[in-house]
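Numbering (our numbering), first residue to last: 28 to 165. Backbone N, C-alpha and C define an ideal beta-carbon position, used for all residues, glycine too. Everything on this sheet refers to the single structure shown next.
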């Protein structure tokens, strides 16, 4: 089981780097099962997931996700991450400010046969918008 947890963590590291940091959405199927369950993005499938990557790249082209902590057990992986970037395009009514952004996020995954079969995420959107507006980071 420890080998499985280690392998699953490596898959998630690759997913964060290739999909979110590099924006290589054409590699999505390398990480996700065709029938995976999406609990965060809408539509709840690869289209919604990749659309959110595109939104991030539009509003913060220099965005980088750093994995702060990662825990794996059996088929599950949970990550605490930090998103850093510069606000360069309008988002949720906030015009581009050029402000530096640094917010926490959490992602949860279930993997089977080396592919992600379930994904959920939580980003501190209130803090993100606050920083975009130039208010002090928490």
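Where does residue i sit, in a helix, a strand or coil, going by DSSP?
| i | result |
| --- | --- |
| residue 134 | strand |
| residue 96 | strand |
| residue 51 | coil |
| residue 139 | strand |
Which residue comes first and which comes last in the beta strand (DSSP E) that contains residue i?
| i | result |
| --- | --- |
| residue 112 | 103-113 |
What residue range is occupied by the uninterrupted alpha helix (DSSP H) comprising residue i?
| i | result |
| --- | --- |
| residue 74 | 73-86 |
| residue 31 | 29-42 |
| residue 162 | Note, residue 162: premise wrong, no alpha helix (DSSP H); not H, not E. |
Among all the DSSP beta bridges, which residues are the ones paired with residue i?
| i | result |
| --- | --- |
| residue 64 | 145 |
| residue 127 | 113 |
| residue 150 | 132 |
| residue 118 | 121 |
| residue 59 | 143 |
Would you mind sorting residue i into buried or exposed? The rule is 16 or more other CB atoms within 10 Å of its CB.
| i | result |
| --- | --- |
| residue 64 | exposed |
| residue 138 | buried |
| residue 158 | buried |
| residue 90 | buried |
| residue 96 | exposed |
With a CB to CB cut of under 6 Å and the five nearest residues on each side skipped, what residues in its chain are close to residue i?
| i | result |
| --- | --- |
| residue 86 | 116, 118 |
CB-CB under 8 Å to residue i, same chain, minus the five flanking residues each way: which ones, in chain order?
| i | result |
| --- | --- |
| residue 16 | Absent from the model: residue 16. The displayed extent of the chain is 28 to 165, so no value can be given. |
Closer than 7 Å by C-beta to residue i: which residues in its own chain qualify, once you throw out the five before and the five after it? Chain order, please.
| i | result |
| --- | --- |
| residue 156 | 119, 121 |
Could you tell me whether any non-hydrogen atom of the ligand ATP is closer than 6 Å to the CB of residue i?
| i | result |
| --- | --- |
| residue 75 | Only the bare structure without any ligand can be found here, which leaves the ligand ATP out of the picture. |
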